[in-house]
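Structure record follows, encoded as C-alpha cells.
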Amino acid sequence: MENPQKYCSAFLQGPVVILDRKNEEGWPVVFATGNVKDVLGYSIEEFEKGLIRYTQIIHPEDLERVKIETARCSASGANHFRQNPYRLITREGGIIHILDFTTIVRDESDRIINYIGYIIDVTDMINKEAEIERGNQRLKFVLEAANLGTWELDVSSRRYVVDSMWAKMKGFLLEEVRPSLDFWTELLHPEDKKKTLDTLEGHITGRTEVYDAVYRIRAKNGRWIWIHSRGKAMGRDSDGRALKIMGIHEDVTQHYELLHKLEEKEREITEAYRFFRLTIDNIPDMIWAKDMQKRYIFANKATCDFLGANDPDEPIGKDDVFFAERSRAQRPDRPDWHTFGEICQNSDEVVMRNKRKQHFDEYGNVRGKFLFLDVYKAPFFDENGKIIGTVGAGRDVTREKALEMEKEEMEKQLLQSQKLEAIGRLAGGIAHDLNNFLMPVLGYSEMAARLVRPGDVMHQYIAEIKRGAERAAKTVRQILAFAKKQPFTQKPIDLNSLLSDLKGSLFKSLGENIEVKLNLCVDLPRIMANNSHIEQVIMNLVINARDAMPDGGTITIETAKANKGFNGQIDEYVLLSVADTGCGMTDEIKHKIFEPFFTTKPLDKGTGLGLSMVYGIVSRLGGRIEVFSEPDKGSTFKIYFPTAPKTEIEETGSLQGWDLDQPTKPQKELYIAVVDDDEMICDLISSVLKTEGHKVLTFTKPEQLLKAAEQDRPALELLITDLMMPGMNGKEVFKRLKGLYPCLKAIYMSGYAQDTADGPDQEAVFLQKPFGIKELLDAVNRASRID
C-alpha cells in the first residue's frame, strides 16, 4: 500500500486485522496491520516477503469452501462480500474463528487484482454460542427425558406458543397447534375448564405466585389425558398484571389412572381382609402372630378359644402368661389346672434366638384338660428383613398321641411281617445255593464210593464233602438266625464280617444277572448294633437295588471310615454305601422314600415298609442316611453309623483241600467245555468227566470261555453250562459258540425248574441241580446222541 496511514489507527489494535491479498496463487498478503502478529502469530515481514501465503493458514477443512465463496462473489460482479465464519491456523498451531469482510479491487479492464478487507477474531463468540447451544440441547434433552412440554403465553395478545413435546403429548404435530389461547381452551375437559381458567386468571392478576393446575385435555385421538401444568409470570405491568407467562406441561395420566386403581384396590383389599378373616377363623388349627415381647398381635378364632378369649381383639397386646394366670385364678385349688403359658413363651424365645422355623411338641393342662399340641413357629420378619416377632400354627393332636401305643404295636407286627417277606425272597435263592452246595456232597460221595482202595484221593473227596456240608449248614444257620425275634440289643459288631457272611447267601439270592461288588475298608472300626437289624438294613437296601435293575446290573457295597459333621459337630462314623446302576429316582420320589407304606412297586411286590424300617433302625442307632439319585443314573444310599469301642476281632479259619486227578478209562472221548460261576461245581464236573476219559475245559465266567474259543479254537463237541450267570446266561453262551462250532451240543444246568418254561431246546439236554454222577454221565451220553 502506498499510504498505509489512511487506515484508521483503531484497526491497529484488538482483534480486527486489515489485510491486502493479491489475486494470485495462494493469495499472498502484501499488507497487514501491525496487530496481525497478536492475532495470528505471524509477523508483517513474513507475509510481505511471501514466506507465508494466506491460503496456507486457512484450515484445510474450510479452504475449499472459502475459495468457492470468493470465486462466486467475484464472478457475480459484487464489490463487497462477507465470508461465513471460517478457521485460521496460528503460528503456534492454534485455531481461531474469524469473520472476513472483503472488498474486491479491479483494474481498468475489470480484472480483479486485490482483495482488501479486514478479519475479526470471533473465537470467543463462536465458543459461547456453542456453549449456549449445548445448554439448549441439554435442556431439551432433560425436558424430553422428563416428558415435559413447554408453553409461553403473551397475555395481551393471547398468543399461546408451545414446543414439539407439548404437541406430541396430545398427539398433534407442532404445525397443527394454533398459537392461540383459544386453541388450548377448546381442548379442556368441560368439567375442568372453569376451574383451570380461574386458576390461570388468578396468576395473571397476581393473586398467586405460581400458576399450578391439574386438568384433563382432549388429545387428537379424542382420548382424555390428565395434565399437570405449572408456570410463572416473566414480568408484570404497573397494575401487577402479568405480561408474559412461561411454563411446562406434564402428562400425569398414568399417575391419576393409578390413583383411581388404588382406590378401587383399597376397596378390594377391605373386602379381601373380611374374607380372609372369615377364612382363617373357620380353620380349626390355631394361627397367631406375636411381637418381640411375646404379646399377641393377631389371633384367629381357634387361638382365642384355646386362650379363653371372648373375641379376636382380646388377645391383642397380651401374652400367654396373662391368660394362664387368669385361668389359674379360676381354680386356685388345682395347681395343675392350667400349666400352659410359660411353655409357649420358652419356645418363642428359641425361635427369636435362632431366627429360623422350628417344630415343637407342646403339652400340658388347659383349664383342667390335658392337651398335646403339634406346633410350628417361625420368625416374623418385616419387609426390610428385621425380625419383629414370631408367627405360629398349632394343632391339637391329643387324640393322635393317645393312639401311639397302638401304633407301636402295629410297627412290631409290621417288622415281623417284613422279616417274613424277606425270608420268602431269600428262600428261592437259598434253595439254589443249597443245590450248588449239595452237589459236591453227592458227587464226591459217589466218587469216594467208587474207590475201592484207600489213598490220598479219598481224603481229598472227604475234605470236599466236609467243605460243602459246612457251607450248607452255614446257610441254614443264617436263615434260622434271621427269622428269630430279637430285642433291640446292641453290641460291637464287625460290619465287614457281616457283609462277607451275607455274600454267600443273600447276595446270590438276588438273581444271577445281578453282580455284587464288595469294597471293604481295612481296619474298619466296629459299630454298636444288632446283627439282625443290620442284616435287615443291608437286605432292604440290596433288595431295593435289585428291584431297580429288572434287566440286571451291578450293586456296589462299600465300607469306609468317615469324619462327618451333623448338628455342627464333627464325629467319627463308619460309612456303609450301597450303590446300584438302576433306574434312579426323581426328587419328588426321593423325598418320600422313607415314608411308611410309600412304594413305587406293584401292590403284590412290596409293602412300602422296607426303607421306613431302614430309617427307623438307623435313627435308633444314632446314625444318619444320605440319598443320592437321578433318573436313569442309579441310586446311592450312604449310612453313617457311630463307631463303638474297639474289641478283639474274632479270627475265622479256612479249610484246605487236596488236588485229585485220576481219570478212569474213557468209554467215548469228548471235548467238553464246562462253565458255571461256582468253582466247586466246575471242579466236580471236570473231575467226573476226566475220570471217564473226556477232555474238559472249565470256566467260571462266560467271557473267559468265549475268549478261549475265539483265540485257541479247541475242538469242542459239548457245552455244559449253568443257565443263569452274571453278565450272560447259558443259552446266550451256547448261541454264540454255535457260530464257531455248528455241531456243538449243550447241557443246561439250573437249580430252577422254571428255567425251561420257554420250551425244550432240541440241541440241548436239561439237567436240574443237584444231580449225581450217574445223572451227569447219562446227560452227556444223551447230548452226544443228539442229531
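Residue numbers (my numbering): 326 to 1112.
Glycine is no exception: its CB is placed at the ideal position from the N, C-alpha and C atoms.
- Contact between W549 and R543 holds: CB atoms are separated by about 6 Å, below the 8 Å threshold.
- DSSP places R397 inside the alpha helix (DSSP H), whose first and last residues are 385-400.
- A direct Cα-to-Cα measurement between N348 and T415 gives close to 22 Å.
- Around the beta carbon of L849, a 10 Å sphere encloses 16 or more other beta carbons of the protein chains shown; the residue is thus reported as buried.
- Taking C-beta separations shorter than 7 Å and ignoring five residues to either side along the sequence, the partners of R620 in its chain run G642, K643, D644, following chain order.
- The residue among F695, D1001, W613, R724 with its C-alpha nearest the C-alpha of S1075 is D1001.
- Assignment of alpha helix (DSSP H) within the stretch 535-560, counting only whole runs of 4 or more residues, yields no such run.
- DSSP places Q861 inside the alpha helix (DSSP H), whose first and last residues are 856-872.
- Counting the other CB atoms within 10 Å of its CB gives I1098 a total of 16 or more, which places it among the buried residues.
- If you draw a straight line from the Cα of V943 to the Cα of M1049, it is about 35 Å long.
- One thing to note: G877 has its Cβ no nearer than 8 Å to the Cβ of G959.
- Membership of K1070 in the beta strand (DSSP E) is indicated by the continuous run 1070-1075.
- One Cα belongs to K569, the other to E708, and the distance between them is close to 50 Å.
- Under the DSSP assignment, R678 falls in the alpha helix (DSSP H) whose first and last residues are 667-679.
- For Y581, the enclosing alpha helix (DSSP H) covers residues 578-607.
- When rounded, the separation of the alpha-carbon atoms in M490 and G474 is 5 Å.
- Within 10 angstroms of the beta-carbon of S1012 lie 16 or more other beta-carbons, which makes it buried.
- For Q1093, DSSP records a beta bridge to S1075.
- The DSSP-derived three-state label of A1040 is coil.
- Rounded to the nearest whole angstrom, the C-alpha separation of I1072 and A1104 is 7 Å.
- Annotation: the continuous beta strand (DSSP E) that includes Y411 extends over 405-414.
- For A455 and E394, the gap between their C-alpha atoms comes out near 24 Å.
- When Cβ pairs closer than 8 Å are counted between the two stretches, the stretch 935-952 is seen to touch the stretch 852-869, the count reaching three or more.
- Under the three-state reduction of DSSP output, I377 falls in the coil class, being neither helix nor strand.
- Looking at Y536, G547, S563, the one whose alpha-carbon comes closest to that of K557 is Y536.
- In this structure W476 touches H574 by the C-beta definition: roughly 6 Å separates them, less than 8 Å.
- In this structure I997 touches L1014 by the C-beta definition: roughly 6 Å separates them, less than 8 Å.
- Note on geometry: alpha-carbon atoms of K702 and P660 lie some 28 Å from one another.
- Here W352 has R346, R378, Y379, T380, Y440 as same chain residues with Cβ atoms under 8 Å from its own Cβ, once five neighbours each way along the sequence are excluded.
- A straight line joining the alpha-carbon of S1109 with that of R1038 spans about 20 Å.
- Under the three-state reduction of DSSP output, F962 falls in the strand class.
- Under the three-pair Cβ rule at 8 Å, the stretch 527-536 does not count as touching the stretch 493-501.
- For the pair L388 and P410, the CB atoms are not nearer than the 8 Å cut-off.
- With a contact defined as Cβ atoms closer than 8 Å, V903 and F966 miss out at about 13 Å.
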